[in-house]
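Residue numbers (our numbering): 927 to 1310.
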């Protein structure tokens, strides 16, 4: 039987100053005035339609992503959080993250967000190189990126994540490591360091830039991870590094541990467990912002149940990203399946050196971390 997992809330803000050429998220260039209040009212109405999925469960984390949520004023964010708290039970130690982009924020704005109730910032730095930032279509430069981090600290934020990309067009190992060294000098509590990938439906996909060779990418990855160790950052997930366990991203950890999340906003996705019916459903909302704003009671676009034969892959797609042991009990609670249902695959993966397992836990090996996609593919073959 399924056990109810922790529940998070994701809120999507779909507008940006301009669309970046590598971005495949549901983000739209802001060509007219920002409909702050109208959008927040739509979000609240969207939530009210979904409260039946929440019941008396507490929300352990809120993540405001985009797009660029920091285009919305602190006053609007404060109003929004106050209204959310009237409709939902916030856990005592709830994590509330807001994504912000340098070039859209300064000290007073950061201070306003902290006063509104935001307790974690995720800053979309991507690079400190003016050349690389221009290539990525970012609206800020390196100095503005540094100033954004310093301003956030002055405003009182103690929990700050920096988003950094590597493997950028024509990037050398030296340039990639320089970005990391500048990030370390700012002493953030958390860094998300991930490789640029060219996704369909992006400008980079239509006109691919010149990316570094595989040897360069491998050397940069290896040397970067070594520097993270030297700087005492724990590599706890494929692209996540934290100064201490208390700074792990609680929201993302809930995703990775196959927890539940309710998504509101244009294009937002949800995963909700119904332990009474012993089912897990996924559903998503109207993607186009104009169409979303025009809704009154039809925010939902599609809903589907996760089939039993798909649950092992769905679970492992998330859990194998974590660089720590996966309790067997967690698999059984979150999927409602016995561990024996995937024992042949675990044996095969162990024989290939991709993971180890015993009666209590599953753990990815260093080899398995390198060949994550190959390991994951094994779980697509589950039959009952």
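All C-beta atoms in this analysis are idealised placements derived from N, C-alpha and C, irrespective of residue type, glycine included.
Assigned exposure category for residue i - 16 Cβ within 10 Å defines buried
i            : result
residue 1111 : exposed
residue 1273 : exposed
residue 1133 : exposed
residue 992  : buried
residue 1159 : buried
residue 1025 : buried
residue 989  : buried
residue 1052 : buried
residue 1115 : buried
residue 1277 : exposed
residue 1109 : buried
residue 1097 : buried
residue 940  : buried
residue 927  : exposed
residue 1131 : exposed
residue 1293 : exposed
residue 1080 : exposed
residue 1105 : buried
residue 1058 : buried
residue 1191 : buried
residue 978  : exposed
Simplified DSSP state of residue i, which is helix, strand or coil
i            : result
residue 1165 : coil
residue 1200 : strand
residue 1249 : coil
residue 1117 : strand
residue 1173 : helix
residue 943  : coil
residue 1254 : helix
residue 956  : coil
residue 1230 : strand
residue 1211 : strand
residue 1064 : coil
residue 934  : strand
residue 950  : coil
residue 1071 : helix
residue 1294 : helix
residue 1287 : strand
residue 1010 : helix
residue 928  : coil
residue 1225 : coil
residue 1049 : strand
residue 989  : strand
Candidates the options: closest to residue i by CA position
i            : options                : result
residue 1013 : 1297, 1027, 983, 963   : 983
residue 1279 : 1295, 1285, 1287       : 1295
residue 1239 : 1183, 1202, 1198, 1210 : 1183
residue 1175 : 1226, 1103, 1186, 987  : 987
residue 1163 : 1215, 1290, 1153       : 1290
residue 1221 : 968, 1086, 1194, 997   : 968
residue 1305 : 940, 1286, 1246        : 1246
residue 1230 : 1250, 1196, 1041       : 1196
residue 1089 : 1117, 955, 954, 1143   : 1117
residue 929  : 1284, 1301, 1041, 1256 : 1256
residue 952  : 1021, 1193, 976        : 1193
residue 1145 : 1266, 1100, 1250       : 1100
residue 1301 : 1271, 1286, 1309       : 1271
residue 1212 : 1189, 1205, 1201       : 1189
residue 1185 : 1215, 1261, 1126, 1128 : 1261
residue 1156 : 1249, 938, 1069, 1107  : 1107
residue 1125 : 1214, 931, 947, 936    : 947
residue 956  : 945, 1037, 1006        : 945
residue 1045 : 1060, 1087, 1062       : 1087
residue 1258 : 1285, 1011, 1143       : 1285
residue 1021 : 1141, 1180, 1208       : 1180
residue 1173 : 1041, 1023, 1092       : 1023
Proximity test, residue i beta-carbon vs the ligand PLP heavy atom, cut-off 7 Å
i            : result
residue 1236 : With respect to small molecules bound, the structure shown includes none, and the ligand PLP cannot be examined in it.
Segment limits, alpha helix (DSSP H) that includes residue i
i            : result
residue 1038 : 1033 to 1042
residue 970  : 962 to 976
residue 1191 : First-last for residue 1191: 1186 to 1191, but that is the beta strand (DSSP E), not the alpha helix (DSSP H).
N-terminal and C-terminal residue of the beta strand (DSSP E) that residue i is part of
i            : result
residue 1235 : It is not in any beta strand (DSSP E) - residue 1235 carries neither H nor E in the DSSP assignment.
residue 1054 : First-last for residue 1054: undefined, no H or E at that position.
residue 1017 : 1015 to 1026
residue 979  : No beta strand (DSSP E) holds residue 979; DSSP gives it neither H nor E.
residue 1280 : Careful: residue 1280 lies outside any beta strand (DSSP E) and carries neither H nor E.
Counting only runs that start and end within the region 1075 to 1158, where is the beta strand (DSSP E) found for 3 or more residues in a row? 1086 to 1092, 1116 to 1121
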